[in-house]
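To convert, note that position 268 of the sequence shown is 268 in UniProt numbering; the numbers rise steadily by one, no gaps.
Read the structure below first, then the notes.
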Amino acid sequence: MSLHWTQHLILVPVLLPLLVGAALAPLTQGWHRLKYWLSYASLLGLLATSLALIFMTDGGHWQEGMGIYLAANWSAPFGIALLADRLSAIMLLLTAVLGLASLHFTRTRWGRIGVHYHTLFQFLLMGINGAFLTHDLFNLFVFFEVMLAASYGLVLHGYNAERIRASMQYIAINLAAALLFLLGTALIYATTGTLNMADLAARVPLLAGEELALFKVGASVLALAFLTKGAMWPLGFWLPTTYAAASPPVAVMLVLMTKVGAYVILRLWLLIFSDNAGAAAGFGGDALLYAGMATIVFGAAGMLSTDTAGRMAGYGAIVSSGTLLAVIGYGQPTLVTAGIYYLIGSTIAVAAFLLLIELIDRIRTPRSAMLALTMEAFAVEDAPDEPTGRGVPAAMAFLSLAFAACALMIAGLPPLSGFVAKFGMFHALLNPQVDAVSGAAAISASGWTLMALIIVSGLIAVISMMRFGVRTFWASGATEPPKVHRSEVAPILFLLALSVLMTVQANPLFGYLARASDDIHRPGAYIGRVLAEPTVPGPVSNPAPAPLSPKEAP
1 MSLHWTQHLI LVPVLLPLLV GAALAPLTQG WHRLKYWLSY ASLLGLLATS
51 LALIFMTDGG HWQEGMGIYL AANWSAPFGI ALLADRLSAI MLLLTAVLGL
101 ASLHFTRTRW GRIGVHYHTL FQFLLMGING AFLTHDLFNL FVFFEVMLAA
151 SYGLVLHGYN AERIRASMQY IAINLAAALL FLLGTALIYA TTGTLNMADL
201 AARVPLLAGE ELALFKVGAS VLALAFLTKG AMWPLGFWLP TTYAAASPPV
251 AVMLVLMTKV GAYVILRLWL LIFSDNAGAA AGFGGDALLY AGMATIVFGA
301 AGMLSTDTAG RMAGYGAIVS SGTLLAVIGY GQPTLVTAGI YYLIGSTIAV
351 AAFLLLIELI DRIRTPRSAM LALTMEAFAV EDAPDEPTGR GVPAAMAFLS
401 LAFAACALMI AGLPPLSGFV AKFGMFHALL NPQVDAVSGA AAISASGWTL
451 MALIIVSGLI AVISMMRFGV RTFWASGATE PPKVHRSEVA PILFLLALSV
501 LMTVQANPLF GYLARASDDI HRPGAYIGRV LAEPTVPGPV SNPAPAPLSP
551 KEAP
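This is the structure:
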């Protein structure tokens, strides 16, 4: 028996950026063009690998749609296991897509400022991909720290006073989250004796009494680390400031990093605290639901209270994180399917808006911003002159149309993917699962509340985004068309086109995500696949020849 070559693809999303980042580290700034193209080639490799993993997980190539890679050929739970399934494969694809958009945006400016930008960018990709693939808590901590360490340097990229202040806050918060991660992991290991997620899920039903109580404490502390990264209220106060201060291509990756926290909660909670977890079944579900609702309120209030585009995008990301946490806590598989679709669509929308802000700021001069606020405050009527037939510059047309598309996606209005995601969530909430005992299928009060919050937050997003748009494009007086490069326009168009593609291909995408949701709601399949994965036997040496008999001896 030998390891099939396709199983080595599971290691590529971690190994490829690690090797490329190490190769880029000794290169000086004079090699910036070579560094850019090597980094770009790495992203193309990650994109191809993620597409291959999607095909293999959903095409029946692996049993139960799960590919297992046992590091160093140690069987679980003693060794470290990497697992690729439908959910992790789609998250790897999202990482490669956003990485390509971010990297392409840096071609003319941002990639040439820092000597080690591309090196840190590759290590960031390594940490994010590893977090999506690992099936071991300690290994998750390692990838988590690699991701954060690289992000510390990237947040400071192109440093100025505002960026330094925001990065110091960002570093302090994440160091505290890392400490909580270690404490929670230590408590979990003390009570269960394992850190392998599948083995952990198998041992949790056997816990009782003080051991179960201590395990719940450890799980709660561990959750605080991920929820801090996932920007749950009140732990997400750092996010708007960091988003507004970071350079646009780095802010795009920060949006994805925020979703890593929600992904881990989704993966870990549905595996460990499933209906088969005995006395621990459903632990923390209500807390996630109500904390997610509070996060939606906090994010919506923040969007309404700010007129800064970067902070507005940050609060929009907080609203999406709150929605995801509430979806996980609600505990309905069909709702999780729509929630994963919403995760992908909202991440793309906020990422496109953050890149667009860089270009919009080139026409939002202090004079134009002051003029817009003065006209709004004193209700100055804008009497337009007679039309002279002057055409709209192409750059201004692109900015206004792209902004309108981003506003539609973030607010969840038709016809783009944000509306499809919210429609899917409403459909799931209005069609609850039938209760096994009573046979009823009533919508709970929390379901109605969640729907109301999603609707109200969308309306607030419309108000906030259109207020910013009016002040920028209509009420700012005569503005000169900004100078934009094709490398800056292309990634924004690419992300907007993906949103359109998600809308057009919503049916097959929902089908794929429904299968992914079904996978994570079957913890028994995970436990069986990971713990039963055989190691690769070593080569059998030729046995020593038997001694000759007396008759055969010469």
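C-beta atoms are modelled at their ideal positions from N, C-alpha and C, and glycine is treated no differently.
Computed from a prediction, not measured in an experiment: that's the story for all the values here.
Ala326 vs Leu450 beta-carbon contact at 8 Å: A contact, by the Cβ cut-off of 8 Å.
Distance between Glu533 and Ala525 (C-alpha atoms, nearest Å): Near 12 Å, if we compare the C-alpha coordinates of Glu533 and Ala525.
Cβ separation of Arg163 and Leu154, assumed to be a contact under 8 Å, to the nearest whole Å: Going by Cβ atoms, the distance from Arg163 to Leu154 rounds to 11 Å, so no, they are not a contact pair.
Near the ligand NAP: Ser42 beta-carbon under 7 Å from a heavy atom: In the structure on display, the ligand NAP does not appear, and there are no ligands present to speak of.
Opposing strand residues paired with Asp136 [DSSP bridges]: Answer is Asn196, bridged to Asp136.
Gly302 beta carbon less than 8 Å from that of Tyr315: Yes.
Per-residue DSSP class, three states only, for Gly314: The answer is helix: DSSP assigns Gly314 an H, G or I state.
As assigned by DSSP and simplified to three states, the class of Ile113: Note: Ile113 maps to coil in three-state DSSP.
Residue environment, Arg33, which counts as buried when at least 16 other CB atoms sit within 10 Å: Label assigned to Arg33: exposed.
N- and C-terminal bounds of the alpha helix (DSSP H) containing Leu302: Leu is not the amino acid found at residue 302; the sequence shown has Gly there. Counting along the chain, the alpha helix (DSSP H) containing Gly302 begins and ends at 285-305.
Same chain, Cβ closer than 6 Å to Leu373, five either side skipped, listed in chain order: At Leu373, the pLDDT of 43 sits below 50, so the modelled position is not reliable; the number obtained from the coordinates is stated separately. Cβ neighbours of Leu373 beyond the five flanking positions: none.
Beta bridge counterpart(s) of Leu83 as assigned by DSSP: Beta-bridge partners of Leu83 (DSSP): Ile68.
Cβ pair Leu100, Asn129 closer than 8 Å: Not in contact: Leu100 and Asn129 (Cβ atoms no closer than 8 Å).
Beta-carbon gap between Val217 and Leu175 smaller than 8 Å: No; because the gap between Cβ atoms is not below 8 Å, this pair is not in contact.
Leu453 and Val260 closer than 8 Å at C-beta: Cβ distance not < 8 Å, so Leu453 and Val260 don't count as in contact.
Close Cβ partners of Ala402 (< 7 Å) along its chain, the five nearest in sequence each way excluded: Excluding positions up to five away in sequence, the list reads Leu356, Ile492, Leu496.
Alpha-carbon spacing of Leu416 relative to Arg311, whole angstroms: Whole-angstrom Cα-Cα distance: 23 Å.
Residue burial classification, Gln122 (beta-carbon count within 10 angstroms, cutoff 16): Counting every other CB atom within 10 Å of its CB across the protein chains shown gives Gln122 a total of 16 or more, marking it as buried.
Selection from Ala281, Ile54, Trp31, Leu239 that minimises the alpha carbon distance to Val115: For the residues Ala281, Ile54, Trp31, Leu239, the minimum Cα distance to Val115 belongs to Trp31.
Reduced DSSP category for Leu156 - H, G, I as helix; E, B as strand; rest coil: Coil at Leu156, not helix or strand.
C-alpha gap between Gly511 and Trp474, whole angstroms: Computed Cα separation, rounded: 42 Å.
Nearest residue (CA-CA) to Ser499, options Trp448, Met425, Ala351: The residue among Trp448, Met425, Ala351 with its C-alpha nearest the C-alpha of Ser499 is Ala351.
Cβ-Cβ distance between Ala202 and Ser457 below 8 Å: At a Cβ-Cβ threshold of 8 Å, Ala202 and Ser457 do not count as neighbours.
For Val20, the nearest candidate out of Gln29, Gly45, Thr6, Ala251 (CA to CA): Comparing Cα-Cα distances from Val20 to each of Gln29, Gly45, Thr6, Ala251, the minimum goes to Gly45.
Secondary structure of Leu227, DSSP reduced to three states: Helix, per DSSP.
Where the alpha helix (DSSP H) containing Phe468 begins and where it ends: First-last of the alpha helix (DSSP H) with Phe468: 445-469.
Nearest-angstrom Cα separation, counted from His427 out to Ala251: Using only the alpha carbons, I get a separation of about 32 Å.
Stretch-stretch touch, CB-based, cutoff 8 Å, three pairs: the stretch 129-144 with the stretch 230-242: No, they do not touch.
Own chain partners of Leu9 with C-beta closer than 7 Å, once the 5 adjacent residues on each side are dropped: Within the same chain, Leu9 has close Cβ partners Thr49, Ala52, Leu53.
Cβ-Cβ distance between Leu47 and Leu24 below 8 Å: Contact flag unset, no.
Beta carbon of Leu304 nearer than 8 Å to that of Ser75: No.
From Ala404, Phe353, Gly282, residue whose alpha carbon lies closest to that of Pro205: The shortest C-alpha to C-alpha distance from Pro205 to any of Ala404, Phe353, Gly282 is the one to Gly282.
Rounded straight-line distance, which links the Cα of Gly236 to that of Ala166: Computed Cα separation, rounded: 13 Å.
Nearest residue (CA-CA) to Arg522, options Pro333, Gly329, Glu210: Measuring from the Cα of Arg522, the nearest candidate turns out to be Pro333.
Start and end residues, alpha helix (DSSP H) containing Ser42: Counted as a single uninterrupted DSSP element, the alpha helix (DSSP H) harbouring Ser42 occupies residues 32-58.
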